[in-house]
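Colleague: Below you'll find the structure I mean.
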Amino acid sequence: MSFNMTDPDQITTSNESAKGGKAVIEIKDLYKSFGDNHVLNGFNMTLLEGENLVVMGKSGSGKSVMIKCLVGLVKPDSGTVKVLGKEINTLDQQTLDELRSDIGFLFQGSALYDSMTVRENLEFPMRRHKEKLGVVSDTEPLVREALENVGLAHTMDLMPVELSGGMKRRVALARTLILRPKVILYDEPTSGLDPITSKEIIELMRSIQKKYGTSSLIITHDVDCARVISERMILLVDGINYAEGTYSELSKSTDPKVDAFFKK
Amino acid sequence: MGNTSTLFKGVKEFFVEIGDLSHFAARFLREVLKPPFEFKELIRQCYQMGNRSLMLVTVTGFIIGLVLTLQSRPTLIQFGAVSWMPNMVGISIVREIGPVITALICAGRIASGIGAELGSMRVTEQIDAMEVSGTNPFKYLVITRIMATTLMLPILVLYGDLVALYGSALVENLKGDVSFQLYFNTVFDALSFSDLVPATIKSFFFGFAIGLVGCYKGYYSKKGTAGVGIAANTAVVMASLLLFVIDFIAVFISDIFYEL
Chain A
20 MSFNMTDPDQ ITTSNESAKG GKAVIEIKDL YKSFGDNHVL NGFNMTLLEG ENLVVMGKSG
80 SGKSVMIKCL VGLVKPDSGT VKVLGKEINT LDQQTLDELR SDIGFLFQGS ALYDSMTVRE
140 NLEFPMRRHK EKLGVVSDTE PLVREALENV GLAHTMDLMP VELSGGMKRR VALARTLILR
200 PKVILYDEPT SGLDPITSKE IIELMRSIQK KYGTSSLIIT HDVDCARVIS ERMILLVDGI
260 NYAEGTYSEL SKSTDPKVDA FFKK
Chain B
76 MGNTSTLFKG VKEFFVEIGD LSHFAARFLR EVLKPPFEFK ELIRQCYQMG NRSLMLVTVT
136 GFIIGLVLTL QSRPTLIQFG AVSWMPNMVG ISIVREIGPV ITALICAGRI ASGIGAELGS
196 MRVTEQIDAM EVSGTNPFKY LVITRIMATT LMLPILVLYG DLVALYGSAL VENLKGDVSF
256 QLYFNTVFDA LSFSDLVPAT IKSFFFGFAI GLVGCYKGYY SKKGTAGVGI AANTAVVMAS
316 LLLFVIDFIA VFISDIFYEL
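Protein chains in written order, with the working numbering: chain A, 20 to 283; chain B, 76 to 335.
Okay, here's the thing in structure tokens:
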């Protein structure tokens, strides 16, 4: 377990040696402010290939801002963000769009398109990436496969409004999977769900990770989710990676700021 | 002192809003001719906007034609000029009342609808999801909607004009024993291209303004459900105001041509 790591090179090196994989996401000295609100103050992070990394933080701590910097939805004030070896902030739009097809993003509220059926929701991301998927015209098999992976093949022609919260999250996950991403970013995957549905979603995330060998970055404040799914955790406090380690290491910490996350 | 600073703040906000809207319009003009083009979505939006507004335009146009004729009739009879009714109603509907009333109805119906739809998409991160999936949301959502309103409004205006004239002809037929054929012959004799062309051109700008304001308000809607309501509401107010400004400029310009 390490605290308040400010040397990004040191983190990368230690992580690579620990896991033995190469980094798929590297964040170094990330700063982002909104007016006087300094959200990220030099955040550093490395996600290794095939790893499940959980970033935990309080509401408003900048977790969602950080994850949006990874896909170019938010431009950082300074710092470098490398995803699959490419520096996000220097890419032109076309390269960024191509790179985005390798990054799956599960939004906090599912973000299904209200005006489209489940089938159309899943077909939508394929419009710009048909070459990558090798699909000429018939997208049905891919849609069906993605929905079968989340156990919702029967919902293909339903509208999002006809689905429960848990089903929406599963469909959103299927939509994320359809482009066969190398990395999946989960923004609060269990928020707003009851404990049983949360458990089902976590199980689904694990089975997907096992099946496709994706790397996963999970943003959450759900300790149970973190306990079950994380291989490594980072605690985001005051805009920096305050503490880092496995769940069992961090949960035994006597540091009051770390302990606050694990208190029931 | 307090009132002055509030006034100053209000004026500043007004100009910031105008600046942002101009910037949004400039982005539209920059991106509208750049591929990829979202034709399928454009056709869908044209159908949605035209189809959804048709009933409202029909009812409003018909009532406007009826009321205008009923209100004017006694005065024209008084001056022995009731035979000028088709000319007067035809010119006033085609030149001014038809485009403005149809555009105002569409501002209420379409601008608020676009504002609320895009606002709710923004709040629920659907626009972000679209961007992450490699689709340019500005092209898919904004350009298609602005194009659809720009193309559909002149069609709705012409249709609304015809319905209003039909309403007027009905009153003349029932009260003045004027046949529909005679009424429409007189109307079309009185009208010239110089009446129709400026009104149609003006309608394109009305459509553009309605789409632009609706999209602008929705696309930059602030977080939260309250923001969606505000986006829908302010879209209608701003679009309606903008319509009158455009109308004034259009009338001013076309007046110069009439005088030539």
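We treat Cβ as the ideally placed atom computed from N, Cα and C, and that holds for glycine. It should be emphasised that the depicted structure is a prediction, and the values quoted were computed from it without experimental measurement.
For the beta strand (DSSP E) that contains ALA42/A, what are its first and last residues?
Modeller: Numbered from 1 along the first sequence, position 23 holds the residue referred to as residue 42/A. That run of the beta strand (DSSP E) goes 42-53.
Colleague: Going straight from the alpha carbon of ASN34/A to that of LEU212/A, what length do you get?
Modeller: One-based indexing of the first sequence puts residue 34/A at position 15. One-based indexing of the first sequence puts residue 212/A at position 193. Low local confidence applies: a pLDDT of 43 at ASN34/A is under 50, so the model's placement there is unreliable, and no value is given.
Colleague: Would the beta-carbon of LEU236/A fall within 7 Å of that of LEU204/A?
Modeller: On the first sequence, residue 236/A is found 217 positions in, with the first residue counted as 1. On the first sequence, residue 204/A is found 185 positions in, with the first residue counted as 1. Yes, they are a contact pair.
Colleague: Would THR219/B and GLN120/B be called neighbours here (beta carbons separated by less than 7 Å)?
Modeller: As a working note, residue 219/B is residue 144 in the second sequence. As a working note, residue 120/B is residue 45 in the second sequence. Taking 7 Å as the Cβ cut-off, THR219/B and GLN120/B qualify as a contacting pair.
Colleague: Can you tell which of GLY304/B, ASN211/B, VAL272/B, THR177/B has the C-alpha that lies nearest to the C-alpha of ASP116/A?
Modeller: As a working note, residue 116/A is residue 97 in the first sequence. Selected option, being the one with the closest Cα: ASN211/B.
Colleague: Return the residue from the list LEU92/A, ASN108/A, VAL93/A, GLY91/A that minimises the CA-CA distance to THR99/A.
Modeller: Locating residue 99/A in the first sequence gives position 80, where the first residue counts as 1. Closest by alpha carbon: ASN108/A.
Colleague: With THR261/B as the anchor, note down where its alpha helix (DSSP H) starts and where it stops.
Modeller: Reading the second sequence from its first residue, position 186 is the one you call residue 261/B. Element bounds for THR261/B: 255-265.
Colleague: Quick check on the DSSP output: what are the complete beta strand (DSSP E) runs of length 3 or more inside the region 113-185 of chain A, in order along the chain?
Modeller: Within the region 113-185 of chain A, the complete beta strand (DSSP E) runs of at least 3 residues are 122-125.
Colleague: Take the Cβ of GLN127/A as the centre, count every other Cβ of all protein chains shown within 10 Å, and call the residue buried at 16 or more, exposed below.
Modeller: Start at 1 with the first residue of the first sequence, and residue 127/A comes out as number 108. Its Cβ being crowded by 16 or more others within 10 Å, GLN127/A is buried.
Colleague: Quick one, which of GLY293/B, MET205/B, GLN153/B has its alpha-carbon nearest VAL303/B's?
Modeller: For the purposes of this step, residue 303/B is identified with residue 228 of the second sequence, where counting begins at 1. The shortest C-alpha separation from VAL303/B is found at GLY293/B.
Colleague: Quick one: grab the DSSP three-state call for SER36/A.
Modeller: What you label residue 36/A is simply residue 17 of the first sequence in a count that begins at 1. Unreliable positioning characterises SER36/A in this predicted model, as indicated by a pLDDT of 39, which lies under 50. The coordinate reading is nonetheless provided below. Note: SER36/A maps to helix in three-state DSSP.
Colleague: Tell me which residues share the same chain as THR31/A and place their Cβ nearer than 7 Å to its Cβ, disregarding the 5 neighbours each side in the sequence.
Modeller: As a working note, residue 31/A is residue 12 in the first sequence. Legend: pLDDT at THR31/A = 38, less than 50; position of this residue unreliable, value from coordinates given subsequently. The residues are ALA42, GLU45, THR65.
Colleague: Please report the distance separating the alpha-carbon of MET160/B from that of VAL142/B.
Modeller: For the purposes of this step, residue 160/B is identified with residue 85 of the second sequence, where counting begins at 1. For the purposes of this step, residue 142/B is identified with residue 67 of the second sequence, where counting begins at 1. Cα to Cα, MET160/B sits roughly 13 Å from VAL142/B.
Colleague: Can you give the Cα-Cα distance for CYS181/B and VAL320/B, rounded to whole angstroms?
Modeller: Along the second sequence, one-based indexing puts residue 181/B at 106. Along the second sequence, one-based indexing puts residue 320/B at 245. Rounded to the nearest angstrom, the two C-alpha atoms are 16 Å apart.
Colleague: Using a C-beta to C-beta distance shorter than 9 Å, which residues of chain B count as neighbours of PHE126/A?
Modeller: Here residue 126/A refers to the residue found at position 107 of the first sequence. THR199, GLU200, GLN201, ASP203, ALA204, VAL207, listed in chain order.
Colleague: Let me know the secondary structure DSSP gives SER296/B once reduced to three states.
Modeller: Here residue 296/B refers to the residue found at position 221 when the second sequence is read from its first residue. DSSP places SER296/B in coil when its eight states are reduced to three.
Colleague: For the beta strand (DSSP E) holding GLU263/A, just list the boundary residues, first then last.
Modeller: Translated into positions along the first sequence, residue 263/A becomes position 244. Element bounds for GLU263/A: 259-264.
Colleague: Is there a Cβ of chain A sitting closer than 7 Å to that of THR224/B, yes or no?
Modeller: Residue 224/B sits at position 149 when you count from the first residue of the second sequence. Closer than 7 Å: no.
Colleague: Could you say which of ARG105/B, ASP330/B, PHE255/B, ASN308/B lies nearest to SER217/B if we only look at CA atoms?
Modeller: As a first step, residue 217/B is located in the second sequence; it is residue number 142 there, counting from the start. The sequence given here places Val at residue 217/B; Ser does not occur at that position. The candidate whose alpha carbon is nearest that of VAL217/B is ARG105/B.
Colleague: Can you tell me which residues form a DSSP beta bridge with MET252/A?
Modeller: The residue you call residue 252/A lines up with position 233 of the first sequence. Paired residues: VAL73/A, GLY264/A.
Colleague: With a threshold of 7 Å between beta carbons, is LYS271/A in contact with chain B?
Modeller: As a position in the first sequence, residue 271/A is number 252, starting the count at 1. Not an interface residue.
Colleague: Measuring straight from C-alpha to C-alpha, what distance separates MET24/A and ILE253/A?
Modeller: Counted from its first residue, the first sequence places residue 24/A at position 5. Counted from its first residue, the first sequence places residue 253/A at position 234. Because the pLDDT at MET24/A is just 41, under 50, the model does not fix this residue reliably, and the value given afterwards should be weighed accordingly. If I take the Cα positions, the gap works out to 11 Å.
Colleague: Please check the pair ILE139/B and ALA239/B, which I expect to be a contact at CB under 8 Å, by giving their CB distance rounded to whole angstroms.
Modeller: Here residue 139/B corresponds to residue number 64 of the second sequence, with the count starting at 1. Here residue 239/B corresponds to residue number 164 of the second sequence, with the count starting at 1. ILE139/B to ALA239/B, Cβ: 5 Å. Contact.
Colleague: How about PRO144/A: is its C-beta nearer than 7 Å to some C-beta of chain B?
Modeller: As a first step, residue 144/A is located in the first sequence; it is residue number 125 there, counting from the start. It does; some Cβ of chain B falls within 7 Å.
Colleague: Give the residues of chain A in contact with THR210/B, contact being defined as C-beta atoms less than 9 Å apart.
Modeller: Taking the second sequence and counting its residues from 1, the one referred to as residue 210/B is at position 135. Those are ASP116, PHE143, PRO144, ARG146, ARG147, listed as they occur along chain A.
Colleague: Given this structure, state the Cα-to-Cα distance separating SER329/B from LEU271/B, to the nearest angstrom.
Modeller: Here residue 329/B refers to the residue found at position 254 when the second sequence is read from its first residue. Here residue 271/B refers to the residue found at position 196 when the second sequence is read from its first residue. Looking at the two C-alpha atoms, the distance is approximately 11 Å.
Colleague: Can you check whether the CB of PHE103/B is closer than 7 Å to the CB of ALA178/B?
Modeller: What you label residue 178/B is simply residue 103 of the second sequence in a count that begins at 1. What you label residue 103/B is simply residue 28 of the second sequence in a count that begins at 1. No; because the gap between Cβ atoms is not below 7 Å, this pair is not in contact.
Colleague: If you scan the region 144-221 of chain B from start to end, which runs of the beta strand (DSSP E) of 3 or more residues do you find wholly inside it?
Modeller: The region 144-221 of chain B contains no whole beta strand (DSSP E) run of 3 or more residues.
Colleague: Using the beta-carbon count (16 or more within 10 Å), is LYS51/A buried or exposed?
Modeller: By 1-based counting over the first sequence, the position of residue 51/A is 32. LYS51/A should be labelled buried.
Colleague: At which residues does the alpha helix (DSSP H) containing LEU223/A begin and terminate?
Modeller: Along the first sequence, read from residue 1 onward, the residue named residue 223/A stands at position 204. Run containing LEU223/A: 214-231, per the alpha helix (DSSP H) assignment.
Colleague: Going straight from the alpha carbon of THR239/A to that of MET222/B, what length do you get?
Modeller: Here the question's residue 239/A lines up with position 220 in the first sequence. Here the question's residue 222/B lines up with position 147 in the second sequence. Rounded to whole angstroms, THR239/A to MET222/B spans 41 Å at the Cα level.
Colleague: Would you report the Cα separation of ASP241/A and VAL256/A, rounded to the nearest angstrom?
Modeller: As a working mapping, residue 241/A is identified with position 222 in the first sequence. As a working mapping, residue 256/A is identified with position 237 in the first sequence. Approximately 15 Å between the Cα atoms of the pair.
Colleague: Which of helix, strand or coil does DSSP assign to ASP206/A?
Modeller: Here residue 206/A is taken as the residue at index 187 of the first sequence, counted from 1. Reduced to three states, the DSSP call for ASP206/A is strand.
Colleague: Let's test the definition: count the other Cβ atoms within 10 Å of the Cβ of HIS98/B and tell me whether it reaches 16, buried, or not, exposed.
Modeller: As a position in the second sequence, residue 98/B is number 23, starting the count at 1. HIS98/B should be labelled exposed.
Colleague: Is VAL132/A close to chain B? Criterion is C-beta to C-beta, closer than 7 Å.
Modeller: The count along the first sequence starts at 1 and reaches residue 132/A at position 113. Strictly speaking, residue 132/A in this sequence is Tyr, with Val absent from that position. Answer yes: the Cβ-Cβ gap between TYR132/A and chain B drops below 7 Å somewhere.
Colleague: Since GLU106/A sits in a beta bridge, which residues does DSSP pair it with?
Modeller: Taking the first sequence and counting its residues from 1, one reaches residue 106/A at position 87. GLU106/A pairs with LYS101/A.
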